[in-house]
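Notes to accompany the following structure.
There are 2 protein chains.
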Amino acid sequence: MSRQELPILDASCCTPLTSEALTEESAVDLAKGFKALGDPVRLRLLSLIASRKGGEVCVCELTDAFTLTGPTISHHLRVLREAGLIDCQRRGTWVYYWIIPAKLSALSQLLDVPAASPDAVSA
Amino acid sequence: MSRQELPILDASCCTPLTSEALTEESAVDLAKGFKALGDPVRLRLLSLIASRKGGEVCVCELTDAFTLTGPTISHHLRVLREAGLIDCQRRGTWVYYWIIPAKLSALSQLLDVPAASPDAVSA
DNA sequence: CTTCTGCTTAGAAGGACATCTAATCAGGGA
DNA sequence: TCCCTGATTAGATGTCCTTCTAAGCAGAAG
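Chains as they are written, first to last, in my numbering: chain A, 16 to 138; chain B, 16 to 138.
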């Protein structure tokens, strides 16, 4: 594992949305990350992995935390991995997953807007 | 406009993923936000709105920035609005959109993990 | 009042996605 | 070697999503 064409740290930006508009190219790339986060199961999986002391979680523990089948969990983990948000390694019988902080940070920074809108408030 | 049941500032967390695991409830709520961001068109729309000096953009300008039809742009704006990421107001013939910074910040903070993983690096 | 423009809603078509069962692969132990 | 457990892959199914065209609504202007 730890296999294949992960974008490593793709070209897309690290500046907040408020600074300048995204190119179509960047938008396509970044949207993949957010799409991966856009499912409750994957978000919980990611949080279970990210919040783990030691940084690693065995798949078997993740599976136990849901009422979904193993293949379904495996599918969601793959989506997260292909989005570059997590990576994994097999050790003996078990497979361990961990987060890729740089990727999460990049997405975080994109959304990091000043707490109060420039002006134009109300509703 | 500015209508209906926006979650205003929903119960879901503001602490990073690394601090503690999400409840299923929070995950469902937060995933809605990320799902809305998980499309290249919506991400570009949001960036066009967020990066605008003055904080507001007319729909007509947004439509011009894409090769998609008006109804399609309108659909994506609705998704962003229902996710609580933007809001809008009609003024005369035109409709103006602006971002809701608090909502973006909440999502940003969730993904705001320390730059280096606790340990467990490599790949 | 009628008509024009800007925008949204309705409905349909095609593709993408989440989930399951069944089958396969990888390692460890008898 | 054979089997057992942990995990992924393959294939199927029902649902959701993106996009379009056509129709409707809101305000301004003649």
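Glycine residues also receive a C-beta, built at the ideal position from the N, C-alpha and C atoms.
Of all residues in the stretch 28-59 of chain A, only 32, 33, 34, 35, 36, 37, 39, 42, 43, 45, 46, 49, 50, 52, 53, 54, 55, 58 and 59 come within less than 7 Å of chain B when Cβ atoms are compared, listed by chain position. Nearest CB-CB separation between residue 128 of chain A and chain B: below the 9 Å threshold. For the C-beta of residue 63 of chain B, the chain A residues within less than 8 Å are, from N- to C-terminus, 36. Note on geometry: alpha-carbon atoms of residue 91 of chain A and residue 80 of chain A lie some 14 Å from one another. Shown here, residue 128 of chain B sits in coil according to DSSP, grouped into three states, outside any helix or strand. Residue 72 of chain B is bridged by DSSP to B:112. Contact annotation: residue 61 of chain B and residue 95 of chain B have beta-carbon atoms nearer than 9 Å.
Scanning chain A for C-beta atoms nearer than 7 Å to the C-beta of residue 92 of chain B yields nothing, as the closest lies near 15 Å away.
Sequence-distant Cβ neighbours of residue 65 of chain B in its own chain, meaning closer than 7 Å and more than five residues away, are 114. Around the Cβ of residue 68 of chain A, a 10 Å sphere holds fewer than 16 other Cβ atoms; the residue is exposed.
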